[in-house]
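Under our numbering, the first residue of the sequence shown is numbered 43, with each subsequent residue one higher. Have a look at the structure below, then the notes.
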Amino acid sequence: MAYCPPALLDDLAEVLAEVRAWAGVVEKKPGVFYVRRQPFLHFHLVRDTSGYRGGPRGSRGASERRRVRGAPGAPQLQPGWRRRADVKGRTAWAQLDLPRPASAARRRALLRELRARHREK
43 MAYCPPALLD
53 DLAEVLAEVR
63 AWAGVVEKKP
73 GVFYVRRQPF
83 LHFHLVRDTS
93 GYRGGPRGSR
103 GASERRRVRG
113 APGAPQLQPG
123 WRRRADVKGR
133 TAWAQLDLPR
143 PASAARRRAL
153 LRELRARHRE
163 K
């Protein structure tokens, strides 16, 4: 399973900036967070169940690529792939789907979940 490239996390910049300021949080790689040496948060690209067989960076030719919603020039997910946040609390991992770009409501929900899981640690 592929880690999500940092360029595809730019719409979560405010959320990640807040997480970086929390007590005990260390970002070992872009988008990979630990709390007191324990894994806490990271992001993956996962294949959609639609059956598309391209790679996360796109194996189709440039002429076959389709535009996806988002700011002009912003990196986009290729069709057939989705972004997911994996968040660990005290004992278990939670998997949260994060469409790109993430809406304000989705970012708030992610931040609520992250705060709750951080309090568990």
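Cβ atoms here follow ideal geometry from the backbone N, Cα and C, with glycine treated the same way.
| Item | Value |
| --- | --- |
| Within the continuous alpha helix (DSSP H) that includes residue 151, where are the two ends? | 146-162 |
| What did DSSP end up calling residue 58 once you bin it into helix, strand or coil? | helix |
| Which word fits residue 142, buried or exposed, when buried means at least 16 other C-beta atoms lie within 10 angstroms of its C-beta? | buried |
| Terminal residues of the continuous beta strand (DSSP E) containing residue 123? | 123-130 |
| Per the DSSP calculation, residue 139 is bridged to which residue(s)? | 126 |
| Within 10 angstroms of the Cβ of residue 146, are there 16 or more other Cβ atoms? Answer buried if so, exposed if not. | exposed |
| Does the distance from the CB of residue 46 to the CB of residue 125 come in under 9 Å? | yes |
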